[in-house]
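Notes for the one structure printed next.
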Amino acid sequence: MSHGLNPEQQEAVQTLTGPMLVLAGAGSGKTRVVTFRIANLIRHGTRADRILAVTFTNKAAKEMRERITKMIGPKRRPPRGATAPPAPVIGTFHSNCVQILRRHARKLGYPERFAIYDRSDQESTAREVLRQLRVHTGMLKPAEFLSHVSRWKNAGVRFDQAHELARTDAEHVAASGYRRYQQAIKLCGAMDFDDLLLSTEQLFREFDEVRVAEAGRFDHVLVDEYQDTNQSQYAIICALAGTHRNLCVVGDDDQSIYGWRGAEVRHILSFSKDWPDAKIVRLEANYRSTTAILEVANRLIGFNKTRHDKVLKPARAGGTPPRILQFKNEVEEARGITDEIRKVLERRQHEPRDFAILFRTNEQPRVFETELRKAQIPYSLVGSQSFFDRKEVRDLLCYLRIVDNPLDEVSLLRIINVPQRGIGAKSVEALLTHAVSQAKTVWEIFSDKVFVRGLPEPAQRGIERLQLLSARCQNKLTQPEAALAGVLRELVYDLDYMAALERMYPQADEAQARQASVEEVINALAEYEADAKSPSLAGFLDDVTLAGKEFGSPKDKEQQRNAVSLMTYHSAKGLEFPFVYMVGMEEGILPHRRSLAENYDDVEEERRLCYVGVTRAQDELTLCLPLQRMKWGRPQDTFASRFLYEMTGQADNPNRRRSIDSARKQVAASTRAAAKKSAAKSSKKS
22 MSHGLNPEQQ EAVQTLTGPM LVLAGAGSGK TRVVTFRIAN LIRHGTRADR ILAVTFTNKA
82 AKEMRERITK MIGPKRRPPR GATAPPAPVI GTFHSNCVQI LRRHARKLGY PERFAIYDRS
142 DQESTAREVL RQLRVHTGML KPAEFLSHVS RWKNAGVRFD QAHELARTDA EHVAASGYRR
202 YQQAIKLCGA MDFDDLLLST EQLFREFDEV RVAEAGRFDH VLVDEYQDTN QSQYAIICAL
262 AGTHRNLCVV GDDDQSIYGW RGAEVRHILS FSKDWPDAKI VRLEANYRST TAILEVANRL
322 IGFNKTRHDK VLKPARAGGT PPRILQFKNE VEEARGITDE IRKVLERRQH EPRDFAILFR
382 TNEQPRVFET ELRKAQIPYS LVGSQSFFDR KEVRDLLCYL RIVDNPLDEV SLLRIINVPQ
442 RGIGAKSVEA LLTHAVSQAK TVWEIFSDKV FVRGLPEPAQ RGIERLQLLS ARCQNKLTQP
502 EAALAGVLRE LVYDLDYMAA LERMYPQADE AQARQASVEE VINALAEYEA DAKSPSLAGF
562 LDDVTLAGKE FGSPKDKEQQ RNAVSLMTYH SAKGLEFPFV YMVGMEEGIL PHRRSLAENY
622 DDVEEERRLC YVGVTRAQDE LTLCLPLQRM KWGRPQDTFA SRFLYEMTGQ ADNPNRRRSI
682 DSARKQVAAS TRAAAKKSAA KSSKKS
């Protein structure tokens, strides 16, 4: 069963029992190996639905399902009495945890149909918590508060443990709010994204019968991108695979770049200690980049001390050596790169989609956008605002949440007067106050006829219309053959939402763009309905929330456009381009200034991020450095990134040490200035 697999890939595919670590270097055909291995397990008698494959993105899960269906689908017959052959269970960590929690959440005090709060819901709750604590936004913003809470949750830290780990004033305030935040969302019968993992881990730890039942569903567990697992994900995988020990994890420690969101590279580094009888297979043949590019990549990543020993071996000989370009400043950098791309495109041998400009910070692409527009070169800024964050999309999803669960207060309060129906701010405040005093939700207060009659007449009529609207949708959903997309289409019509968008956005172009987003939500619901085995409104809402930024994300659509890609290194992971420009190769940007406070692990992650950038290039790689950058309106000298010296074999160059020392002094000075400013602000308040 070679199927064009190299010997190492074949070894991974044909090892069918026991723990196995597949170290899959960049461009080594990782996805091909995973799908072939699943197909091989099925061919050797494992029931497909006894195989669990866990990925990190919905896109990866969908691609894996499609590949496996093509490989094994047509040849199998369904078991007697079944309408379709069993299929492997393939999904993200979060989607699998939702299924587990739907079965057992009551054991943790949550309703079976708990809501899943997205970022906007979380920020609403966080804002209220900080208001209760009388915390000024200058001290701690809702987004910063949630960042602290998320970091603790990803490390498996509960609210009663957070104070012990808090170091700064902001962290102590966040620790105080953590308990209130958790109680508030649980009171609403909701979990946030991080809770899905944390609660599943808690279930397995506190209820052994649950762990045994869930682990017993599968005979094989496969985990993709294992280097990105956090503490909860690690514990969940160990719980699911601990009995049968048929665990295959695939990943690359050299591409572990998500430490900031809780990923712990030590999980992949210590796999053979956790599973002493594990087989280790190294996929080192790279089919993406030329020899010249891989020489630079191998040289760079070799400076990391905590890594598995491996070297990328090129399947493509030769190639153009990577270039280093220096420019006077960041504007000249953008202008020079744009001019190069324009000249290549004029020769008509390449398309705009062949080019990627990679950057470290979200501020960097501004000047590139300006220059690309001037040159009339199409470009896409990948990973910008999520489709899911657009107002009109959030409005419709909140309406669907209210139809599915009227007690979802965060969603109700968002659309209670959208479009305007006469329920003004004072009426909303009165409803909330009465709801709190009665220990009820606002939706339940709607049915308190005595109280509602005390509200202004427009508010009374608005509440009645909202109740009727929800009741009509719920009634339609109970009818046989009810189409979910049809229900949403009628809801949009009943709300006269398209006309409301025209009133809210007088400019025709913007109104049309937002109306197109409404249509896209209806399309997404229709697609879900066509694909799902048992489609339901709750299932669609779960899918949307779990997909997060992937839902309707411009990332896939923009990449289908024939345009130059502008993206961060994090967004570029998993992609490849014939021409790659890595811009802003300077100390303080790459490595980022946050990593320059003598934290060796942080610098190693920044080096891995640089390595990810290098290994995106198929044919040509260009590393760029502006000699000056504008900061606070003044030009300041930059210092070449230490990674440039490492890649070019000049790590012992005295300029490298001078560059690092100078950058570190700048970081220390800016840190002292920030601390001084913060202290002055605190003394002024007191």
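Here the sequence shown stands for residues 22 to 707, numbered as in the working numbering. A virtual CB, placed ideally from N, CA and C, is assigned to each residue, including glycine.
From the DSSP output, which residues share a beta bridge with residue 652?
655
Can you name, in chain order, every residue of its own chain whose Cβ lies under 6 Å from the Cβ of residue 372, other than the five neighbours on each side?
583
DSSP three-state assignment for residue 334, whether helix, strand or coil:
strand
Using the beta-carbon count (16 or more within 10 Å), is residue 332 buried or exposed?
exposed
Residue 57, enclosing alpha helix (DSSP H) - first and last residue
51–64
DSSP state of residue 579, grouped into three classes?
Residue placement at residue 579 cannot be trusted, given a pLDDT of 43 that sits under 50; what the coordinates show is reported in the next sentence. Note: residue 579 maps to helix in three-state DSSP.
Based on Cα-Cα distance, which residue from 322, 72, 300 lies nearest to residue 278?
322
Look at residue 63 and residue 93 and say whether their C-beta atoms are less than 9 Å apart.
yes
So the beta strand (DSSP E) residue 213 belongs to, where does it begin and stop?
211–213
Check for me: the beta strand (DSSP E) holding residue 591 runs from which residue to which?
Note, residue 591: premise wrong, no beta strand (DSSP E); alpha helix (DSSP H) at 590–593.
Assigned exposure category for residue 186 - 16 Cβ within 10 Å defines buried:
exposed
Report, in whole angstroms, the separation of the C-beta atoms of residue 218 and residue 114, which I expect to be a contact under 8 Å.
7 Å
What is the C-beta distance between residue 605 and residue 381, in whole angstroms, given that I count them as a contact (C-beta under 8 Å)?
6 Å
What's the C-alpha gap between residue 484 and residue 458?
20 Å
Along the chain, where does the beta strand (DSSP E) that runs through residue 350 open and close?
344–350
What would DSSP say about residue 40, mapped onto helix, strand or coil?
coil
Should the segment 596–605 be called in touch with the segment 625–642, which here means at least 3 C-beta pairs below 8 Å?
yes
Could you tell me the alpha carbon to alpha carbon distance between residue 65 and residue 31, rounded to whole angstroms?
15 Å
For residue 221, the three-state DSSP class (helix, strand or coil):
helix
DSSP state of residue 634, grouped into three classes?
helix
Among 284, 131, 199, nearest to residue 212 - alpha-carbon criterion:
131
Coarse secondary structure for residue 291, derived from DSSP in three states
coil
Quick one, which of 274, 121, 254 has its alpha-carbon nearest residue 228's?
121
Would you mind reading off the limits of the beta strand (DSSP E) that contains residue 300?
300–304
Look up residue 376 in the DSSP assignment and give the residues it is bridged to.
600
Taking its Cβ as the centre, do 16 or more other Cβ atoms sit within 10 Å of residue 254, making it buried, or is it exposed?
buried
In terms of residue numbering, what span does the alpha helix (DSSP H) encompassing residue 122 cover?
114–125
Quick check: residue 749 and residue 203, are their CB atoms within less than 9 Å of each other?
Residue 749 falls outside the range modelled here, since the chain spans only 22 to 707, and no answer is possible.
Here's a check: name, in chain order, each residue in its chain whose Cβ is nearer than 7 Å to the Cβ of residue 553, leaving out the five neighbours to either side.
560
Distance between residue 125 and residue 224 (C-alpha atoms, nearest Å):
8 Å
Looking at the unbroken beta strand (DSSP E) that takes in residue 242, where does it start and where does it end?
241–244
Mind checking residue 51: buried by the 16 CB within 10 Å criterion, or exposed?
buried
Based on Cα-Cα distance, which residue from 462, 562, 526, 346 lies nearest to residue 208?
462
Restricting to Cα atoms, I'd like to know which of 264, 546, 544, 523 is closest to residue 535.
523
Applying the 10 Å Cβ sphere with the 16-neighbour rule, what's the burial state of residue 341?
exposed
In the structure shown, what three-state DSSP assignment does residue 450 receive?
helix
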